[in-house]
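Using my numbering, the first residue of the sequence shown is number 510, and each one after it goes up by one. Every residue, glycine too, gets a C-beta built ideally from N, C-alpha and C.
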Amino acid sequence: MTLIGELRRRLNGPVFGPADTDFAIEIAAWNTATLHTPDIAVGLTSERDAAELVRTAAAAATPIRVLATGHGSATPVTDGILATTTRLDTVTIDAVNRIAHVGAGCCWDQVIAAAAEHGLAPITGSSDTVGCVGYTLGGGLGPLARTYGFSSDWARRFRIAIASGDVVTADATENPDLFWALRGGKGGFGIVTSMEVELVELRTIYGGSVIFDTADLAGVLTTWTEWTKTLPDAATTSVVVLRLPPLDVVPEPLRGKTALSVRFAYVGDPEQGARVFEPIRAAGTAVVDSVGVLPASEIAMIHNDPKDPGVAWDRGLLLNELDAEYVTAFLDVAGPGQEIPFVAVEMRHLGGATRRDVPEGSAVGGRDGAYTLFLAGVPDPRLFSRVLPEAADALLKPLRPWISGHNTINLAGGSPDRATYEASWPAETRARLEKVRAVYDPHALFPYGPSN
Ligand SMILES: Cc1cc2nc3c(=O)[nH]c(=O)nc-3n(C[C@H](O)[C@H](O)[C@H](O)COP(=O)(O)OP(=O)(O)OC[C@H]3O[C@@H](n4cnc5c(N)ncnc54)[C@H](O)[C@@H]3O)c2cc1C
Numbered sequence: 510m511t512l513i514g515e516l517r518r519r520l521n522g523p524v525f526g527p528a529d530t531d532f533a534i535e536i537a538a539w540n541t542a543t544l545h546t547p548d549i550a551v552g553l554t555s556e557r558d559a560a561e562l563v564r565t566a567a568a569a570a571t572p573i574r575v576l577a578t579g580h581g582s583a584t585p586v587t588d589g590i591l592a593t594t595t596r597l598d599t600v601t602i603d604a605v606n607r608i609a610h611v612g613a614g615c616c617w618d619q620v621i622a623a624a625a626e627h628g629l630a631p632i633t634g635s636s637d638t639v640g641c642v643g644y645t646l647g648g649g650l651g652p653l654a655r656t657y658g659f660s661s662d663w664a665r666r667f668r669i670a671i672a673s674g675d676v677v678t679a680d681a682t683e684n685p686d687l688f689w690a691l692r693g694g695k696g697g698f699g700i701v702t703s704m705e706v707e708l709v710e711l712r713t714i715y716g717g718s719v720i721f722d723t724a725d726l727a728g729v730l731t732t733w734t735e736w737t738k739t740l741p742d743a744a745t746t747s748v749v750v751l752r753l754p755p756l757d758v759v760p761e762p763l764r765g766k767t768a769l770s771v772r773f774a775y776v777g778d779p780e781q782g783a784r785v786f787e788p789i790r791a792a793g794t795a796v797v798d799s800v801g802v803l804p805a806s807e808i809a810m811i812h813n814d815p816k817d818p819g820v821a822w823d824r825g826l827l828l829n830e831l832d833a834e835y836v837t838a839f840l841d842v843a844g845p846g847q848e849i850p851f852v853a854v855e856m857r858h859l860g861g862a863t864r865r866d867v868p869e870g871s872a873v874g875g876r877d878g879a880y881t882l883f884l885a886g887v888p889d890p891r892l893f894s895r896v897l898p899e900a901a902d903a904l905l906k907p908l909r910p911w912i913s914g915h916n917t918i919n920l921a922g923g924s925p926d927r928a929t930y931e932a933s934w935p936a937e938t939r940a941r942l943e944k945v946r947a948v949y950d951p952h953a954l955f956p957y958g959p960s961n
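As structure tokens, then:
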């Protein structure tokens with residue numbers, strides 16, 4: 510029997526070949542610039558499906574990769590099996606123990622909504638349409654990062670189908686080496702079917718974003734850089750230089766302009782939050798000011814990331830501590846008047862809880878980063894192979910004195926080159942991750958890394 514026939518016989522979920530009508534829909538990625546063309550697509554519906562898939566694929570020595578939302582899809586999958594998790598979409602909340610049980614196909618908006626009914630919140634990223642598992646496997650730095658750390662610090666248990674065909678638990682007591690790896694080590698360990706994350710008691714945040722026009726950009730950015738050095742761990746902030754299109758969806762005074770958005774989130778007394786944020790409000794004349802008491806369930810409003818699928822290109826890295834010379838160098842390459850093919854150039858302030866590992870240790874890289882720097886390219890695939898990479902290199906060159914040699918994998922993107930991939934974990938962490946992969950996936954059934 511063919512592999513596809515065997516999979517159809519053994520799994521309850523749908524199995525698609527390239528000739529099947531719904532093949533393209535099943536494997537469509539959020540990043541629409543990436544078109545996956547695996548040999549077979551498998552829609553998982555249960556742990557049993559995952560186990561059967563692994564046993565069948567292992568017997569046929571056929572590689573398996575996993576697709577949830579496709580937010581991390583930057584490299585097309587061109588062979589083997591692509592397993593989709595969207596049907597594993599159940600969330601249940603254990604309010605007493607403050608734990609969310611999250612199916613591998615869930616996005617953060619589902620967990621946020623379910624937890625909010627109990628006055629609880631998960632520690633998420635900036636976008637609530639990103640997949641919970643793929644995000645958490647890479648660590649995860651969100652709008653509350655300085656208060657609560659990496660999202661993977663809040664993962665308490667994974668269920669994962671490993672290369673032997675068993676579905677095992679990975680937590681602090683069962684398979685602790687695998688648990689360590691899954692909190693930030695990203696891929697190449699198996700198919701995660703569900704995870705449990707600890708929730709925090711959080712009903713409101715003092716937060717939102719403020720947008721300044723071109724004339725205020727340099728002054729506010731200078732203030733922001735100095736101000737970040739004074740912030741308590743209860744405050745997390747980021748800035749983004751936006752090149753706004755001349756479209757009706759953009760508020761009139763900002764249409765076609767280069768603007769600066771300052772994002773802010775304070776966990777605690779809102780009046781104290783307002784006092785902490787005051788230097789930014791005083792630094793310029795805001796065109797838009799949405800910073801105020803925000804339900805924790807509206808956390809995605811802080812960054813307003815795009816929700817709908819679209820074409821995406823990005824590059825992210827970590828910065829060390831910043832100073833006035835950095836601001837000058839940054840404005841020279843990314844400020845108003847510079848013709849650059851990036852719609853957004855963002856910096857997120859790290860530190861506080863991002864520096865503190867969980868007591869039992871975890872694999873996540875980038876704990877020593879002071880800020881992130883993230884470039885989002887003009888969404889035109891014709892620019893992806895040469896124009897955007899070259900423009901990014903040119904923009905980053907004068908900023909080298911402040912660029913960290915380290916990275917973290919969610920920021921490094923879905924197809925980092927080898928050097929960026931290797932920089933995403935400290936050398937000893939990377940070596941330990943390889944050892945864990947060798948134990949749980951000895952024949953590389955789950956290919957992972959720059960060439961995969
Ligand atoms: C708009 C946007 C906003 C973002 N915001 C943030 C942010 O604030 N902070 C941050 O840290 N990152 C952020 N990211 C990056 C994001 O966390 C990664 O792209 C992440 O990999 C997305 O996971 P996914 O499952 O949604 O995507 P997918 O592309 O479906 O999955 C990405 C990878 O995760 C792995 N994976 C997914 N599910 C499983 C599974 N069940 N078992 C095993 N492996 C699995 C696979 O290696 C897969 O290739 C953002 C990305 C976008 C596009």
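| Query | Result |
| --- | --- |
| Own chain partners of A853 with C-beta closer than 6 Å, once the 5 adjacent residues on each side are dropped | V749, L751 and A885 |
| G886 Cβ short of 7 Å to ligand 1 heavy atom set | no |
| Length at least 3, wholly inside the stretch 806 to 889: the beta strand (DSSP E) runs in chain order | 823 to 828, 851 to 858 and 880 to 886 |
| Cβ contact check for the stretch 576 to 584 and the stretch 916 to 925: 3 or more pairs under 8 Å | yes |
| Element boundaries [beta strand (DSSP E), containing P804] | G801 to P804 |
| Residue span of the beta strand (DSSP E) that contains A795, given as start and end | A795 to D798 |
| Rounded straight-line distance, which links the Cα of D877 to that of T929 | 16 Å |
| contact_flag[the stretch 839 to 850, the stretch 568 to 575] where n(CB pairs < 8 Å) is 3 or more | no |
| Near ligand 1: V701 beta-carbon under 7 Å from a heavy atom | yes |
| Anticipated Cβ contact below 8 Å, V776 with A743, distance rounded | 5 Å |
| C-alpha distance - Y720 paired with P951, whole-angstrom precision | Here residue 720 is Ile; the residue named in the question, Tyr, does not match the sequence. When rounded, the distance between both Cα atoms is 51 Å. |
| Cβ distance (whole Å) where S718 is taken to contact I811 below 8 Å | 6 Å |
| Endpoints, alpha helix (DSSP H) assigned at R927 | R927 to A932 |
| C-beta contact flag for L730 and L769 at 8 Å | yes |
| L646 Cβ short of 7 Å to ligand 1 heavy atom set | yes |
| Rounded C-alpha distance that separates T881 from T863 | 12 Å |
| Inside the stretch 706 to 743 only - alpha helix (DSSP H) runs reaching at least 4 residues | 723 to 737 |
| Test: I669 CB closer than 8 Å to a CB of chain D | Reference to chain D is not applicable here, since this structure consists of a single protein chain. |
| Where F688 sits in the DSSP three-state scheme | helix |
| Pick from A664, F773, V611 and A809 that is closest to G870, judged by C-alpha positions | A664 |
| Stretch-stretch touch, CB-based, cutoff 8 Å, three pairs: the stretch 625 to 644 with the stretch 786 to 797 | no |
| DSSP state of F659 mapped onto helix, strand, coil | coil |
| Option nearest D814 by Cα separation, candidates G728, S636, E561 and D529 | S636 |
| With 16 other Cβ atoms within 10 Å as the buried cut-off, status of G728 | exposed |
| At least 3 beta-carbon pairs within less than 8 Å: the stretch 930 to 946 vs the stretch 605 to 622 | no |
| Cβ-based burial, L756 [other Cβ within 10 Å; buried from 16] | exposed |
| Those runs of the beta strand (DSSP E) which lie wholly inside the stretch 582 to 641 and span at least 3 residues | 590 to 593, 600 to 603 and 608 to 612 |
| Cβ-Cβ distance between D722 and L763 below 8 Å | yes |
| CB contact flag (L576, L520, <8 Å) | no |
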